[in-house]
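Colleague: Input: one structure, supplied below.
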Amino acid sequence: MEGALGDNIFFLIVEYVAMGCCGMVGGMWAIRKNYDVFAIITTSWITALGGGIVRDVLLGALPPVGIADRGFVITGLLSGVIVAVAHPEIDKWRWLMLTLDALALGLFAVNGTAKGLDFHMSGMASVFLGMATALGGGLIRDMILNQVPVIVRDKHWYAFPASVGCVLTVFVVKARHAGYFGLTVEILLDVLIVALVVAMRLLSVKLDLTLFGAMNRTEPIKVRRPRIRRINNRRHR
Numbered sequence: 001m002e003g004a005l006g007d008n009i010f011f012l013i014v015e016y017v018a019m020g021c022c023g024m025v026g027g028m029w030a031i032r033k034n035y036d037v038f039a040i041i042t043t044s045w046i047t048a049l050g051g052g053i054v055r056d057v058l059l060g061a062l063p064p065v066g067i068a069d070r071g072f073v074i075t076g077l078l079s080g081v082i083v084a085v086a087h088p089e090i091d092k093w094r095w096l097m098l099t100l101d102a103l104a105l106g107l108f109a110v111n112g113t114a115k116g117l118d119f120h121m122s123g124m125a126s127v128f129l130g131m132a133t134a135l136g137g138g139l140i141r142d143m144i145l146n147q148v149p150v151i152v153r154d155k156h157w158y159a160f161p162a163s164v165g166c167v168l169t170v171f172v173v174k175a176r177h178a179g180y181f182g183l184t185v186e187i188l189l190d191v192l193i194v195a196l197v198v199a200m201r202l203l204s205v206k207l208d209l210t211l212f213g214a215m216n217r218t219e220p221i222k223v224r225r226p227r228i229r230r231i232n233n234r235r236h237r
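Heads up: the sequence shown begins at 1 in full-length UniProt numbering, then just goes up one per residue.
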């Protein structure tokens, strides 16, 4: 894990757990479509690591960690094996899986944004890289499974909390680089950002919160044509 959180072994372990659960969420979708075990494992791996692969390709950080980091790859593949065996039990742990998926969303958002800034990307570019890290795996998974992506299908807050986490991470990292505070404070603030993303995601599901849609209008604005005065060019005698 890049950035301040990556320097702490506890948060590295949390990231592995979140990555594994993210992979199991992806594998469950393959199981619901009655795919074979190879497809289940592949779907789990791409869900867990697809966002990081997209991020690293965009950064030119090759080979991507999704295929180069042995621990990450084993975690993604192992999550597919676990879900292929324990899917009846996992399917009953709806809120646990939802919480861990939200945790992965927050961690990947902070992780991807921080890595973009470490590669000297602008704040805006880093936000997009963080969004790609947080949402890319699920997006690729849904494309492979031929279904509407969850960022469109899920009416509750999903991409919105991730975007908030990415923007806040930019401010925190830039403030630390500017010398306003040290690494310890940055770690604390990163943890709070992850907690905020998780809370926003879970509250939106619990309280059925949704973002507003297009403005409720049925009639277009009527624009009157300007009146053009006719000039009489006849000569007056």
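We put the CB at the ideal spot given by N, CA and C, even for glycine. Quantities reported herein were computed from a predicted structural model and do not represent experimental measurements.
May I ask you to report which of helix, strand or coil DSSP gives MET215?
Modeller: The residue given as residue 215 occupies position 215 in the sequence shown. Three-state DSSP puts MET215 in coil, outside helix and strand.
Colleague: Which class does SER44 belong to by DSSP, given the choice of helix, strand or coil?
Modeller: For the purposes of this step, residue 44 is taken as residue 44 along the sequence shown, with counting starting at 1. Note: SER44 maps to helix in three-state DSSP.
Colleague: Starting from the Cα of MET19, find the closest Cα among VAL65, LYS33 and ILE31 and give me that residue.
Modeller: As a position in the sequence shown, residue 19 is number 19, starting the count at 1. Selected option, being the one with the closest Cα: VAL65.
Colleague: For VAL148, does the three-state DSSP call read helix, strand or coil?
Modeller: Position 148 of the sequence shown, counted from the first residue, corresponds to residue 148. Coil.
Colleague: Which word fits MET124, buried or exposed, when buried means at least 16 other C-beta atoms lie within 10 angstroms of its C-beta?
Modeller: The residue you call residue 124 lines up with position 124 of the sequence shown. Exposed, by the Cβ-count rule.
Colleague: So what's HIS120 in DSSP terms, helix, strand or just coil?
Modeller: For the purposes of this step, residue 120 is identified with residue 120 of the sequence shown, where counting begins at 1. Of the three classes helix, strand and coil, the one that applies to HIS120 here is coil, per DSSP.
Colleague: Alpha carbon to alpha carbon, what distance is there between LEU135 and ILE151?
Modeller: Against the sequence shown, residue 151 aligns to sequence position 151. Against the sequence shown, residue 135 aligns to sequence position 135. Going from the Cα of ILE151 to the Cα of LEU135 covers about 8 Å.
Colleague: Would DSSP call LYS222 helix, strand or coil?
Modeller: Counted from its first residue, the sequence shown places residue 222 at position 222. LYS222 falls in the coil class under three-state DSSP.
Colleague: Near SER204, which residues of its chain fall below 7 Å by C-beta distance, leaving aside the five closest residues on each side in sequence?
Modeller: Your numbering for residue 204 matches position 204 in the sequence shown. HIS156 and TRP157.
Colleague: Measuring alpha carbon to alpha carbon, tell me which residue in MET131, PRO226, LEU207 and ARG225 is nearest ILE53.
Modeller: Position 53 of the sequence shown, counted from the first residue, corresponds to residue 53. Checking every option, the nearest Cα to that of ILE53 belongs to MET131.
Colleague: Note down, one range per segment and in chain order, each alpha helix (DSSP H) of at least 4 residues found wholly within the segment 27-73.
Modeller: Taking only runs of at least 4 residues, the alpha helix (DSSP H) segments lying wholly in the segment 27-73 are 37-59 and 65-68.
Colleague: Who are the near neighbours of LEU59 in its chain, counting only those whose CB is closer than 6 Å to its CB and skipping five residues on each side?
Modeller: In the sequence shown, residue 59 corresponds to position 59, counting from 1. Cβ within range, chain order: PHE119.
Colleague: If you count every other CB in all the chains shown that lies within 10 Å of the CB of VAL174, and 16 or more means buried, which is it?
Modeller: As a working note, residue 174 is residue 174 in the sequence shown. Before going on, a small fix: residue 174 reads as Lys here, not Val. Its Cβ having fewer than 16 others within 10 Å, LYS174 is exposed.
Colleague: How would you write the range of the alpha helix (DSSP H) that HIS156 sits in, first residue to last?
Modeller: The count along the sequence shown starts at 1 and reaches residue 156 at position 156. Careful: HIS156 lies outside any alpha helix (DSSP H) and carries neither H nor E.
Colleague: Given a cut-off of 8 Å, decide if LEU105 and VAL197 are closer than it, judged by their beta-carbon atoms.
Modeller: Translated into positions along the sequence shown, residue 197 becomes position 197. Translated into positions along the sequence shown, residue 105 becomes position 105. In contact: VAL197 and LEU105 (Cβ atoms closer than 8 Å).
Colleague: Are there three or more Cβ pairs, one per stretch, closer than 8 Å when the segment 165-172 is compared with the segment 89-97?
Modeller: They do not touch, by the three-pair rule.
Colleague: Below 8 Å, can you find three or more Cβ-Cβ pairs linking the segment 174-186 to the segment 210-225?
Modeller: Output reads no: the segment 210-225 does not touch the segment 174-186.
Colleague: Going by beta-carbon coordinates alone, are ALA48 and GLY76 separated by less than 8 Å?
Modeller: Within the sequence shown, residue 48 is the residue found at index 48, counting from 1. Within the sequence shown, residue 76 is the residue found at index 76, counting from 1. Cβ atoms of ALA48 and GLY76: closer than 8 Å.
Colleague: Please state the DSSP three-state secondary structure of THR133.
Modeller: The residue you call residue 133 lines up with position 133 of the sequence shown. Of the three classes helix, strand and coil, the one that applies to THR133 here is helix, per DSSP.
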